[in-house]
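Note sheet for the following structure.
Numbering (this note's numbering), first residue to last: -5 to 108.
Encoded structure:
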């Protein structure tokens, strides 16, 4: 799988959790990626990551990053997902690795990558 062949859907910032869950159920993405620049936003990602982790299979892989996580590495532990790294280059590499290691039997439909 090649990242440049992926289809990315930007849902926006400050999407209400119930709308995000509805969109994930509708789109069935292989991965959802979120970022946080503030500690408050990082704390909100904790709840989102727990909701995604509780979704039925096949649930999307949850990736996260952003300035808040780069500044305070202790925030990583509260989020149920994969820290994608401190740079865009590292994040792209991590996304590629995570999607290529998806669970056996899980179809990776890059047309729904979000």
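Glycine residues also receive a C-beta, built at the ideal position from the N, C-alpha and C atoms.
* Could you give the C-beta distance for residue 52 and residue 18, rounded to a whole number, given that I count them as a contact under 8 Å? -> Your numbering for residue 52 matches position 58 in the chain shown. Your numbering for residue 18 matches position 24 in the chain shown. Contact flag wrong, Cβ pair sits at about 11 Å.
* To do: Can you give me the Cβ contacts of residue 63 inside the same chain, cut-off strictly under 7 Å, excluding the 5 residues immediately before and after it?
  => As a working note, residue 63 is residue 69 in the chain shown. Only 30, 36, 69, 70, 77 meet the Cβ criterion.
* To do: Evaluate residue 136 with the Cβ neighbour count: other Cβ atoms within 10 Å of its Cβ, from every protein chain shown; 16 or more gives buried, anything less gives exposed.
  => The structure shown does not extend to residue 136, since the chain spans only -5 to 108, so no value can be given for it.
* Cβ-Cβ distance between residue 74 and residue 47 below 7 Å -> Here residue 74 is taken as the residue at index 80 of the chain shown, counted from 1. Here residue 47 is taken as the residue at index 53 of the chain shown, counted from 1. Result yes, Cβ atoms of residue 74 and residue 47 sit closer than 7 Å.
* residue 26 - containing alpha helix (DSSP H), residue span -> The sequence position of residue 26 within the chain shown is 32, counting from 1. Per DSSP, residue 26 belongs to no alpha helix (DSSP H); it is in the beta strand (DSSP E), 25 to 29.
* Do the CB positions of residue 56 and residue 26 come within less than 7 Å of each other? -> As a first step, residue 56 is located in the chain shown; it is residue number 62 there, counting from the start. As a first step, residue 26 is located in the chain shown; it is residue number 32 there, counting from the start. Cβ distance < 7 Å, so residue 56 and residue 26 count as in contact.
* Per DSSP, what kind of secondary structure is residue 76 in: helix, strand or coil? -> The sequence position of residue 76 within the chain shown is 82, counting from 1. Residue state, collapsed to three classes: strand.
* Let me know the beta strand (DSSP E) ranges lying completely inside the region 14 to 74, each 3 residues or longer, listed in chain order. => Counting only runs of 3 or more, we get 25 to 29, 55 to 59.
* **Beta-carbon separation (whole angstroms), residue 32 vs residue 72, contact threshold 8 Å** => For this step, residue 32 is matched to residue 38 along the chain shown. For this step, residue 72 is matched to residue 78 along the chain shown. Their Cβ separation, rounded to whole angstroms, is 14 Å, which puts residue 32 and residue 72 out of contact at 8 Å.
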